[in-house]
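Structure first, then comments.
Numbering (the numbering used here), first residue to last: 722 to 882.
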């Protein structure tokens with residue numbers, strides 16, 4: 722049964738995402754509950770995208786403290802699997818802390834921001850520039866490193882009025 726769940730987890734995660742963003746019945750509680758159950762099964766099966774999305778939903782929109790902690794655990798698993806969005810979110814969680822499970826930890830926050838930034842996550846790159854410009858998260862002010870991160874920054878799209 723575990724092998725079947727592991728094999729079908731990416732498909733269930735994809736299905737959950739489609740159901741979650743489906744335009745019909747936007748305010749349907751049934752649709753929301755079904756999508757969340759699919760996300761949970763896919764996350765438990767090890768789907769990285771489901772871990773990331775479900776963790777984000779639980780942590781930042783969870784109804785109680787326990788679901789927010791569980792969301793952080795899912796996000797951390799996704800971040801450790803290499804998901805850039807989850808790595809950025811874990812950087813934020815470890816920078817600000819979420820007691821008692823996620824205590825503020827500048828070293829972990831910086832490591833997660835760096836990992837996400839190296840994959841091109843725009844907010845992580847921006848945070849890494851701030852880290853070396855301002856000398857926060859235990860890092861020394863380093864204009865050369867800040868400039869290196871600036872080179873990774875994606876240019877804003879040219880908007881014509």
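We put the CB at the ideal spot given by N, CA and C, even for glycine.
The structure displayed is predicted, hence computed values, not measured ones.
* Short check: CB of residue 831 to CB of residue 852, under 8 Å? -> Their beta carbons are under 8 Å apart, which means residue 831 touches residue 852 by this criterion.
* Asked: What are the start and end residues of the alpha helix (DSSP H) that includes residue 801?
  -> Following the DSSP letters along the chain, one finds residue 801 inside the alpha helix (DSSP H) bounded by residues 786-801.
* **Beta-bridge pairing of residue 819 - partner residues as DSSP gives them** => DSSP output for residue 819 lists 823 as bridge partner(s).
* Asked: Just to confirm, are residue 778 and residue 792 a CB contact at a threshold of 8 Å?
  -> Pairing residue 778 with residue 792 gives a Cβ-Cβ distance under 8 Å.
* C-alpha distance - residue 866 paired with residue 821, whole-angstrom precision -> About 33 Å.
* Contact check, residue 764 vs residue 795 under 8 Å by CB: the rounded distance? -> Yes, residue 764 and residue 795 are in contact; Cβ-Cβ is about 6 Å, under 8 Å.
* Can you tell which of 812, 838, 840 and 783 has the C-alpha that lies nearest to the C-alpha of residue 828? -> Out of 812, 838, 840 and 783, 812 has the C-alpha closest to the C-alpha of residue 828.
* Asked: Going along the chain, which residues of its own chain have a beta-carbon closer than 6 Å to the beta-carbon of residue 772, five neighbours each way excluded?
  -> These residues qualify, in order along the chain: 764, 795, 798 and 799.
* Asked: Does DSSP put residue 722 in a helix, a strand or coil?
  -> With a pLDDT of 48 at residue 722, under the threshold of 50, the modelled position of that residue is not reliable, and no figure is offered here.
* To do: Take the Cβ of residue 856 as the centre, count every other Cβ of all protein chains shown within 10 Å, and call the residue buried at 16 or more, exposed below.
  => It counts as exposed.
* Pull up the distance between the alpha-carbon of residue 850 and that of residue 729, whole angstroms please. => When rounded, the distance between both Cα atoms is 40 Å.
* Asked: In its own chain, which residues sit with a C-beta less than 7 Å from the C-beta of residue 722, not counting the 5 before and 5 after it?
  -> Its pLDDT being 48, under 50, residue 722 is placed unreliably in this model, and the coordinates cannot settle the point.
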